[in-house]
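Report on the structure given below.
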Amino acid sequence: MSTAPVQEKAYLHLDNNCYFLGDTIWYKAYLVEAANLRPTAESHILYVELVDPEGHVVERHRQYIGRPDADHGDFALADTLRSGYYELRAYTRWMMNFCVTERPYNRKDRELFYNRQMAKDFFRDYGTVWSRVVAVYERPEKDGDYSDRQILPRPRQRALKPKKPSLNVTFYPEGGNLIAGTQCRIAFEALNEDGEAVNITGKVDGQDIRADFMGRGSFLYDVPKEGKARATFSYQGEDYRFVLPDILPKGLTLRVSEDEVTLQGQGLSAKHLKATFLTRGVLRSLLDVSLDAKDEGTLHFDRSQLPTGVCDLIVYDEAGNVLADRLFFVNHHDYDQRRITIEGAKTKYQPCEKADLTLAAPRDVRTLSVAVRDQKGTAPSYDSGSLLTDLLLTSDIQGFVAQPNYYFERDDSLHRARLDVLLMVQGWRRYDFKELSDGKPLRYHPEKNIEIDGAVYKAPVFDPIEPDELPLWRDGVFGWTFEEVANTANLPAFTNWLVTGKIVGEQGALAEKERGVLLPQLPNQTGDSSPDDTPNNNTGKETNKDVEKDYGVNHPGLKHEVTIEGEMTLTGPKGEKSTPFTLQTTDDGRFHFQMAPFWGEGRLLLSAHKQDISTEEWHANHTKDIFDEEAWPDYYVKLDLFYPIFARKYSWYETHHPATSQQDSTTTHTQTTADSPGITLPQVSVKARRRHSKQAIAWGKPVCQYDTEQLYNLVTDYGLSFGKVNFRRLPYQLSVLLFGNYGTQWTFNVEGHLNRVLFYRSFDTGRTKMMEAPMNRSNYSIYKDLLLCRQQTVKFYTDFDLRNSDRYMEMSSQTADVTLDFETIPDDGTRYTMRDRSLILQGITEPDEYYHPDYSHRQLPRHADYRRTLYWNPSLRVGATSKAHATFYNNSQKTCIQVSAMGMGNLGPACN
């Protein structure tokens, strides 16, 4: 435990708290060791992502922490984006080792991948990723009218089924369990159907209970020795009954007070226990505790020895079995001294008036990130936290915390009690006890330079695509032509092909009897639930009996090492520079190399061949078919990616705003206090009949669109495609890449278009040929466009929402769930493609410079200045006197300003 790896925490300081299409999001990145909240000496590379409302990555940056010219960046919000709630994410490669959970998937999902390990790596969630949600509104109809905040709904083919009013109450026993015959404190949380907190009263076995803040409350309960405890509530004229967690006959409960822990057990064989106190994953105290004959005991601890922050108390027996655990907060107010003070700010500024601010920082802080905002241009938000509240509190507990600054505004009994209940309700463990104590080697190392990991596999072979088979693709039949199907001699083989599920997407159990071919039912499983998933699939010890040539059931690893040849091409001021390199694989085909950080993007070429080839073979390998993407590579070369695939579900409080009272409509926004949460801006309610028919696709409004070659490289590196593009499966593979399995065991239907012309279905519509629209292009003209060299972008149209895959989605066996439209390069244009891997490798993202107008030497602007962020400097230098100066000019309106300043020194974070 004392040698547990130190984790990291990331944070982004943003220039504003809401945006409009056409704006730019400016950010400064901070990265610290979780143990002491000081700058980390391990990772230097930080990944920053802008994720759209549906959960798809719009843009990804790679920043270099430690260099003042590379630790900040910006995302331009183009008008081609949709309005909505966007997510910013930040993480390091090292952070991907911790809090990893497997998403449910089954055999039909697993068999889409080259092997089982790649499927496990794909269906994962990462709990350590920093995340923040910001609203992006439509451009205001009138320039400068930032009270005009509109978010237009995304186009859908089917209307969402409205939610019925309901109440959901969840109970959280202190220590983790209800133990028979003990007295236990129980916290609970009440939410409505949308996840909004409900302050409510109820009863538990005749005892009154009350949720009085953010839908949360707590009560003491004498646990009966048998039976079940039930709670009852009345909400909106309906009565609700909930069963409390199961009562266990044996176990331990605990109750934490200021400096002691009261333990009460039942039926425990062990009387001598241990208690650990962890703060941010580091062991702070280890104490012995003994229980008396009644299984009761008291543990005294010294709170002053625990650092400020969330502390995890874990009580376990000598065998290491956790009996009870509990989060509680320690606050010594030592971070109260690390404040940035601001002088020189006026109550109100005249149009285009010059402003001079002086900022005083702690002596160890050398640079500050400073944002000055027009207060009218900000939006009221439940996300009221800062660098300090994030590092000390919200990053260590589960889910979004509404108004986190409330828990730090006063240190009285009321605020401490509400913070304590928050920790009992949202008490997710970022630092897993078993994970910290098992000492297993971690998969990813801290990234100081640009690290590349990957593996080489045998390339499966599939039959080449023939132009004559394309007409049957619209019926979900692949690899067969009309002539072959009509030949009675082929009937047994074709029937077997159908029954064994070679139609894309029919490789698993289907419960809908209308969905394609009904196969024998297969058990649903997660990545960890099947014993067949546990072996290392890179060992080469798996037999080939499960290997299919056209899709990946469980292909083995290499049995011999190979040579990798690569070339990295960078474009600089003096033109392109290419650097070739050679390396040998190890550990059954694995390879690793690193590069010094570089600005922008580079082109990486990778190929593999046997180690003992002759000079003639080497020359032929490097000259013949190297620029032919239809040629077969010798091996499947795959990079190991660790980017998060799936998006988290938003909290209700991230997509709604607190109410405001406006004393001065032009200058002032006053937010309601946290003691009266749950009040929101009036919502417009439009009543209409829900449409049940499926509407036509709005072709001009795709859910998302990407460069086709880059998406193909992603499906290859995630193990869905195996080194050579295969358009028989590519539309389905791309759909899985962006939508996973949508949290269901059913196979969704995919339809592919080429410049709006239908050419592909993964399902049979059941229609006759007379009902189908005729093909207006020849087979060969479509065939020659189904090459990467002709492809430009692919657009996606679907009602699926990656953030809300738990929401019911109406599906049909004869219509598409996901539609793709492949757009080719205009005027028969082409791009360079190759037989082997050719990838765009991202370097360090070079930040833009924020524009500050200077009205001191020129006339006032002819056109009004409507800037909402009046000043942004991610690297404002602090002088020898620990003071920094910020000078800027106001926009064209009378303005009240709002200043946000943050910094990081050798002793930790600082903010205003």
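Position one of the sequence shown corresponds to residue 6 (the working numbering), numbered consecutively onward.
By construction, the Cβ of each residue, glycine as well, lies at the ideal position given by its N, Cα and C atoms.
Leaving out five residues before and five after residue i in sequence, what residues of the same chain have Cβ atoms less than 7 Å from its Cβ?
{"i": "H857", "result": "Y876, F893"}
{"i": "E198", "result": "K168, K169, P170, S171"}
{"i": "D669", "result": "At D669, the pLDDT of 38 sits below 50, so the modelled position is not reliable; the number obtained from the coordinates is stated separately. Cβ neighbours of D669 beyond the five flanking positions: none."}
{"i": "I830", "result": "R795, Q797, R836"}
{"i": "L291", "result": "K279, T281"}
{"i": "D468", "result": "G484"}
{"i": "T45", "result": "E13, L36, V37, E38"}
{"i": "R520", "result": "With a pLDDT of 31 at R520, under the threshold of 50, the modelled position of this residue cannot be trusted, and the question is left open."}
{"i": "V823", "result": "S740, F744, F753, V755, F801, T803, F805"}
Based on DSSP bridge pairs, tell me the residues matched to residue i.
{"i": "W877", "result": "A376"}
{"i": "F827", "result": "L759, V799"}
{"i": "G222", "result": "F193"}
{"i": "L291", "result": "T281"}
{"i": "A34", "result": "L17"}
{"i": "Q68", "result": "L51"}
{"i": "V642", "result": "V461"}
{"i": "G910", "result": "V370, G913"}
{"i": "R842", "result": "L611"}
{"i": "T29", "result": "A81"}
Between the alpha carbons of residue i and residue j, how many angstroms are there, rounded?
{"i": "A693", "j": "R159", "result": "Low per-residue confidence applies at A693: pLDDT is 42, beneath 50, and the placement is therefore not dependable, though the value from the model is reported in the following sentence. Spanning the two alpha carbons is a distance of roughly 18 Å."}
{"i": "S905", "j": "S786", "result": "58 Å"}
{"i": "S295", "j": "Q750", "result": "49 Å"}
{"i": "Y340", "j": "A915", "result": "8 Å"}
{"i": "L742", "j": "Y91", "result": "20 Å"}
{"i": "E47", "j": "T399", "result": "23 Å"}
{"i": "D811", "j": "L725", "result": "24 Å"}
{"i": "P2", "j": "D639", "result": "In this structure the chain extends from 6 to 917, so residue 2 is not present and cannot be described."}
{"i": "T803", "j": "H758", "result": "14 Å"}
{"i": "Y16", "j": "W135", "result": "6 Å"}
{"i": "N109", "j": "R115", "result": "Before going further, note that residue 109 is Pro rather than Asn in the sequence given. Looking at the two C-alpha atoms, the distance is approximately 11 Å."}
{"i": "L447", "j": "M101", "result": "10 Å"}
{"i": "G705", "j": "D74", "result": "39 Å"}
{"i": "S274", "j": "D322", "result": "10 Å"}
{"i": "M918", "j": "P451", "result": "What is shown of the chain runs 6 to 917, which leaves residue 918 out entirely."}
{"i": "Y837", "j": "R608", "result": "12 Å"}
{"i": "A202", "j": "K113", "result": "38 Å"}
{"i": "V315", "j": "V482", "result": "57 Å"}
{"i": "D317", "j": "N41", "result": "16 Å"}
{"i": "T921", "j": "L424", "result": "Here the chain covers residues 6 to 917 and nothing more, so residue 921 does not appear."}
{"i": "I345", "j": "H18", "result": "15 Å"}
{"i": "G180", "j": "R421", "result": "18 Å"}
{"i": "L51", "j": "G232", "result": "52 Å"}
{"i": "D130", "j": "Q403", "result": "13 Å"}
{"i": "V327", "j": "T258", "result": "12 Å"}
Short of 8 Å in beta carbon distance, which residues of its chain neighbour residue i, apart from the five on each side in sequence? Order them along the chain.
{"i": "R308", "result": "E263, D264, V335"}
{"i": "H624", "result": "none"}
Going by DSSP, what residue range makes up the beta strand (DSSP E) through residue i?
{"i": "V490", "result": "Looking at the DSSP string, V490 is not in any beta strand (DSSP E); the run it does join, the alpha helix (DSSP H), is 487 to 491."}
{"i": "S239", "result": "235 to 240"}
{"i": "N173", "result": "172 to 178"}
{"i": "H77", "result": "77 to 81"}
{"i": "Q342", "result": "Taken as a continuous stretch (DSSP letters only), Q342 belongs to no beta strand (DSSP E), as it is neither H nor E."}
{"i": "L393", "result": "It is not in any beta strand (DSSP E) - L393 instead sits in the alpha helix (DSSP H) that spans 392 to 397."}
So, for residue i: in the same chain, excluding its five sequence neighbours on each side, which residues have a beta-carbon less than 6 Å away from its beta-carbon?
{"i": "I470", "result": "none"}
{"i": "L791", "result": "F732"}
{"i": "T770", "result": "Q819"}
{"i": "Y922", "result": "The question about residue 922 has no answer here: the residues shown for the chain are numbered 6 through 917."}
{"i": "A821", "result": "N754, E756"}
{"i": "Y747", "result": "F805, S810"}
{"i": "K800", "result": "P707, Q710, D826"}
{"i": "D633", "result": "R840"}
{"i": "H305", "result": "E265"}
{"i": "V11", "result": "E38, A40"}
By the DSSP assignment, the alpha helix (DSSP H) with residue i in it spans what residues?
{"i": "S786", "result": "784 to 790"}
{"i": "A422", "result": "418 to 430"}
{"i": "Y2", "result": "Since the first residue shown for the chain is 6 and the last is 917, residue 2 is missing from the structure and cannot be characterised."}
Beta strand (DSSP E) segments (min. 3 residues) lying fully within the stretch 559 to 639: DSSP runs (the beta strand (DSSP E)) wholly in the stretch 559 to 639: 567 to 577, 580 to 589, 595 to 600, 606 to 615.
4-residue-minimum alpha helix (DSSP H) runs that sit fully inside the stretch 95 to 154, ordered along the chain: DSSP runs (the alpha helix (DSSP H)) wholly in the stretch 95 to 154: 112 to 115, 121 to 127.
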